[in-house]
Every structure is written in C-alpha cells, then in structure tokens.
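Enquirer:
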Amino acid sequence: MEAVMLLGTAGVGVLGGSRAMPQRVQCVQIAQARCCNVRLRVVAASATAREATVDVALESELGVSYELLRDKLAAGEWEAADAETRRLLCVMAGEGAVKRKWVYFSEVQFIPEADLRTVDGLWRAYSNQKFGYSVQRRVWKSVNESWTAFFKKVGWTRQLGDSRNDAYKKFPLEFMWDVEDPTPRGHLPLTNALRGTQLIEKLLLHPAFAFADEDEKLMMPEEIDMSSEGLMQNLKPKSRVQQNSPPSGDSPAKKVLLPEDMSIDYGF
Numbered sequence: 001m002e003a004v005m006l007l008g009t010a011g012v013g014v015l016g017g018s019r020a021m022p023q024r025v026q027c028v029q030i031a032q033a034r035c036c037n038v039r040l041r042v043v044a045a046s047a048t049a050r051e052a053t054v055d056v057a058l059e060s061e062l063g064v065s066y067e068l069l070r071d072k073l074a075a076g077e078w079e080a081a082d083a084e085t086r087r088l089l090c091v092m093a094g095e096g097a098v099k100r101k102w103v104y105f106s107e108v109q110f111i112p113e114a115d116l117r118t119v120d121g122l123w124r125a126y127s128n129q130k131f132g133y134s135v136q137r138r139v140w141k142s143v144n145e146s147w148t149a150f151f152k153k154v155g156w157t158r159q160l161g162d163s164r165n166d167a168y169k170k171f172p173l174e175f176m177w178d179v180e181d182p183t184p185r186g187h188l189p190l191t192n193a194l195r196g197t198q199l200i201e202k203l204l205l206h207p208a209f210a211f212a213d214e215d216e217k218l219m220m221p222e223e224i225d226m227s228s229e230g231l232m233q234n235l236k237p238k239s240r241v242q243q244n245s246p247p248s249g250d251s252p253a254k255k256v257l258l259p260e261d262m263s264i265d266y267g268f
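Now the structure itself:
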C-alpha cells in the first residue's frame with residue numbers, strides 16, 4: 001500500500017486521484033494497525049527543496065513505531081525529532097539501553113538494518129537529503145574520516161577565541177534547529193562525542209548506511225567535477241574493490257581506541 005504526501009510550507013497534502021487535500025501529517029491515518037508495512041512516498045515541494053522523490057518505508061524488525069519521529073520531522077520540529085531519535089536508538093539497542101537512557105557503542109552492531117534505515121530515511125526525506133546518518137557518513141568520508149574535521153564541517157564545534165583549538169558547542173542553545181542555510185549539511189541528528197567517538201563511528205559504519213558511499217544524491221559538492229568529462233566520471237558507479245582496498249603504505253592506519261568498558265553518555 002502506498003500514499004503520496006506533498007510537503008510544502010502550507011502543510012501536507014495527500015494526493016489521491018487528481019486533487020490534493022491539505023492537512024497535517026498528524027491527521028493522516030493510513031492503515032494505522034499496519035503502520036510498519038505502509039510505504040510513504042514523500043515529495044518535497046518547498047521553495048528551497050530539490051526536485052526529488054524519496055520513498056520511506058516505516059519498517060521495523062523490532063516492532064517499533066516510527067510515526068512520532070515522522071510527525072515531528074514533517075512539522076519541522078527538529079529539536080523534538082532529534083530527542084525522539086535518541087530515544088528510539090535506546091529502544092532499538094535493547095532493554096539495558098532503555099533503562100540507562102544511553103547506548104553502548106558495542107550495542108550498535110545488534111540494531112537491525114531495517115530500523116536504522118527507517119530512521120535515516122525519514123531524516124533524509126524531510127530535510128531534502130540534508131540530514132541523516134547516511135549523510136553524516138558521506139561527510140565523514142569526504143574529510144578522510146577525520147573526526148576533528150567532521151565535527152567542524154557539520155557544525156558541532158566552535159573555535160575558541162583567537163586560538164586554533166575548537167570546543168564542542170553547548171547543547172541545545174548553540175546548535176541549529178533548522179533545515180535552511182546556514183545550517184551545515186549533516187548537522188542533525190546529534191550524537192554525543194564528548195567522551196569519545198566510538199559510538200558515532202559504530203553508527204556511521206553500520207551496514208545499514210553502506211549505500212551512502214555510492215549514492216549520488218548524497219554526493220558532497222567538493223566531490224563533483226563540473227567539467228563534461230568529470231561529470232561523466234562522477235556518474236559512473238565506483239568499484240567496491242577500490243572502496244574496500246587497504247590504505248597504501250607499510251603501516252596500517254592508526255585508530256585511537258577507548259577502553260571497551262567505557263560507557264558513552266548518549267544524552268546531552
């Protein structure tokens with residue numbers, strides 16, 4: 001079953017036949033008893049939106065409902081959607097994470113791909129490919145997996161006065177709860193990295209987001225060669241063999257690892 005929703009500044013229209021009936025997402029009840037099997041085709045229609053259609057299936061292997069996240073994103077309530085995303089991650093990670101209200105990085109591997117793709121798909125659909133974990137993965141890859149460069153690029157850190165050092169922004173006042181510019185691409189959803197980057201690394205490297213490495217819709221501006229030859233090259237699918245080849249040189253890339261028993265506080 002599929003419904004088409006037209007997103008615009010005046011609300012949401014459900015397209016049926018030849019006319020659109022504007023109404024808020026909260027009022028759209030489509031096979032409510034089987035919400036996890038409903039496929040929503042979201043068409044961006046705002047003045048700043050790209051002309052793109054994104055399919056979002058509210059699928060869950062865990063029986064989790066993603067309707068509240070969908071509604072918050074559709075209403076442009078970005079801060080509330082961010083909080084709901086953190087709550088959902090705890091639910092997906094299991095009973096232990098729900099009780100402690102944060103997720104161990106070691107629990108991420110057990111989260112089903114379908115559930116993470118649903119969350120990511122909703123963020124991408126309602127932000128016109130600007131927000132989401134897969135978007136963040138593409139940004140991270142574009143800066144050679146440098147966390148310092150990534151945090152700066154997505155706007156999670158700020159420069160300390162005249163020094164060259166950066167500090168994490170204060171939550172929630174210093175973060176941007178808007179999809180419009182100058183909010184950086186990949187700014188949302190947030191992941192706390194004050195105690196280390198293992199949690200966000202496990203999230204971005206989850207198999208659910210592997211598609212981001214070759215998805216042209218998620219291509220960074222600096223990845224695009226505007227020459228005719230370059231455009232043709234960018235449109236060619238990248239070799240997975242090249243993507244997975246080890247780094248050149250005799251020594252492997254170094255990674256800073258925290259103790260495995262060190263917990264990462266996922267709340268802000």
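Using full-length UniProt numbering, you'd call the opening residue of the sequence shown number 1 and step up by one each time.
The beta-carbon is built from N, C-alpha and C at its ideal position, and this holds for glycine as well.
#1: Please give me, in chain order, every unbroken run of the beta strand (DSSP E) with length at least 3 that falls completely inside the UniProt domain "GUN4-like" (60-207).
#2: Please determine, among Leu-204, Lys-217, Met-220, the residue with the shortest C-alpha to C-alpha distance to Val-108.
#3: If I measure Cβ to Cβ from residue 309 and keep anything under 7 Å in the same chain, skipping five residues before and after, which residues do I get?
#4: Quick test of the definition: if touching needs 3 or more C-beta pairs under 8 Å, does the stretch 135-146 touch the stretch 160-168?
#5: Nearest-angstrom Cα distance between Pro-182 and Phe-175?
#6: Should residue 273 and Val-179 be called a contact, given that it needs their Cβ atoms to be closer than 8 Å?
#7: If you drop the 5 nearest sequence neighbours on each side, which residues of the same chain put their C-beta closer than 8 Å to that of Phe-110?
#8: Just the Cα atoms here: how many angstroms apart are Arg-70 and Ala-167?
#9: Am I right that Tyr-133 and Asp-120 are in contact with their C-beta atoms under 8 Å? What's the rounded C-beta distance?
#10: By how many angstroms is the C-alpha of Arg-158 removed from the C-alpha of Lys-152?
#11: Our contact map puts Val-139 next to Gly-186 with C-beta atoms below 8 Å; I'd like the distance itself, whole angstroms only.
#12: Do Val-135 and Arg-124 have their CB atoms nearer than 8 Å?
#13: Are the beta-carbon atoms belonging to Trp-102 and Cys-90 less than 8 Å from one another?
#14: For a quick check, are the C-beta atoms of Lys-217 and Gln-129 less than 8 Å apart?
#15: Measure how close the beta-carbons of Leu-188 and Phe-131 come, nearest whole angstrom, since I'm counting them as under 8 Å.
#16: Assign Phe-209 to one of two classes, buried (16 or more other C-beta atoms within 10 Å of its C-beta) or exposed (fewer than that).
#17: If I measure Cβ to Cβ from Asp-82 and keep anything under 7 Å in the same chain, skipping five residues before and after, which residues do I get?
Expert: So, from the listed chains and residues:
#1: 157-159, 166-168
#2: Along the sequence shown, one-based indexing puts residue 108 at 108. Nearest Cα to Val-108 within the set Leu-204, Lys-217, Met-220: Leu-204.
#3: Residue 309 is absent from the structure shown; the chain starts at 1 and stops at 268.
#4: no
#5: Indexing the sequence shown from 1 puts residue 182 at position 182. Indexing the sequence shown from 1 puts residue 175 at position 175. Straight-line Cα distance between these residues: approximately 12 Å.
#6: Within the shown structure, residues of the chain are numbered from 1 to 268, placing residue 273 beyond reach of any answer.
#7: Counted from its first residue, the sequence shown places residue 110 at position 110. Closer than 8 Å at Cβ, skipping near neighbours: Ala-93, Gly-94.
#8: Looking up residue 70 in the sequence shown gives position 70. Looking up residue 167 in the sequence shown gives position 167. Distance between the alpha carbons of Arg-70 and Ala-167 is about 32 Å.
#9: Mapped onto the sequence shown, residue 133 falls at position 133. Mapped onto the sequence shown, residue 120 falls at position 120. Their Cβ separation, rounded to whole angstroms, is 5 Å, which keeps Tyr-133 and Asp-120 in contact under 8 Å.
#10: Within the sequence shown, the letter at position 152 stands for residue 152. Within the sequence shown, the letter at position 158 stands for residue 158. Distance between the alpha carbons of Lys-152 and Arg-158 is about 7 Å.
#11: Here residue 139 is taken as the residue at index 139 of the sequence shown, counted from 1. Here residue 186 is taken as the residue at index 186 of the sequence shown, counted from 1. With a Cβ gap of about 4 Å, Val-139 and Gly-186 count as contacting.
#12: Here residue 135 is taken as the residue at index 135 of the sequence shown, counted from 1. Here residue 124 is taken as the residue at index 124 of the sequence shown, counted from 1. In terms of Cβ geometry, Val-135 and Arg-124 form a close pair [threshold 8 Å].
#13: Counting from 1 along the sequence shown, the entry for residue 102 is found at position 102. Counting from 1 along the sequence shown, the entry for residue 90 is found at position 90. Yes, the pair counts as a contact, with Cβ atoms nearer than the cut-off.
#14: Counting from 1 along the sequence shown, the entry for residue 217 is found at position 217. Counting from 1 along the sequence shown, the entry for residue 129 is found at position 129. Their beta carbons are under 8 Å apart, which means Lys-217 touches Gln-129 by this criterion.
#15: In the sequence shown, counting from the first residue as 1, residue 188 sits at position 188. In the sequence shown, counting from the first residue as 1, residue 131 sits at position 131. About 4 Å separates the two Cβ atoms, so the contact holds.
#16: Looking up residue 209 in the sequence shown gives position 209. When all chains shown are included, Phe-209 counts as buried.
#17: The residue labelled residue 82 in the question sits at position 82 within the sequence shown. Excluding residues within five positions, the ones whose Cβ falls inside 7 Å are Leu-188, Pro-189, Leu-190.
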